[in-house]
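K.L.:
Pasting in a structure now, in structure tokens, and then I'll have a few things to ask.
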Amino acid sequence: MSLVLCCGLAWWQWEKFSSANGTFQNLGYVLQWPLFGLFPAFMFWRIRRIRLRAEAEAEAGTQTEATPPPAPKPVRLPAPRVSDEQPLDPEDAELAAYNAYLAELAARDEESRK
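One point on numbering: in full-length UniProt numbering, the residue at position 23 of the sequence shown is 23, and numbering is uninterrupted.
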């Protein structure tokens, strides 16, 4: 049905292109409309093919359930070092903890290279 409708629209655009005030844009639409009409047929074919493949795998017992990827291990940040001289606000404490964690990772990396 969509192909018939879109071919009719392509014919209409061809008539506009052939007229005295037709442009190359109309010619472009002449080429596009049949493609728009074929797209629903392609999608019907594609979805049917996927469904049949899934049913065949289910019958054969080879259908495997997708396993989710392993969850990443939570990162444990070391407690920030706070000096008595200057109290840290919460953002500075987080930054200090992150910098300490990076320093620890760098030390581990250095040890593993030796």
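Glycine is no exception: its CB is placed at the ideal position from the N, C-alpha and C atoms. Every value quoted in this text rests on a predicted model; they were computed, and no experiment measured them.
Roughly how many angstroms lie between the CA atoms of residue 114 and residue 56, to the nearest whole one?
P.N.:
Whole-angstrom Cα-Cα distance: 55 Å.
K.L.:
Looking at the secondary structure, which residues open and close the alpha helix (DSSP H) in which residue 73 lies?
P.N.:
Counting along the chain, residue 73 falls outside any alpha helix (DSSP H), and DSSP gives it neither H nor E.
K.L.:
Buried or exposed: which applies to residue 13, given that a residue is buried once 16 or more other Cβ atoms fall within 10 Å of its Cβ?
P.N.:
buried
K.L.:
State the CB to CB distance for the pair residue 97 and residue 78, rounded to an integer number of angstroms; the pair is presumed to be in contact (CB under 8 Å).
P.N.:
Beta-carbon to beta-carbon, residue 97 and residue 78 are separated by about 6 Å, close enough to satisfy the 8 Å threshold.
K.L.:
Checking 9 Å against the spacing of the C-beta atoms, do residue 58 and residue 3 come in under that value?
P.N.:
No, Cβ-Cβ distance for residue 58 and residue 3 is not below 9 Å.
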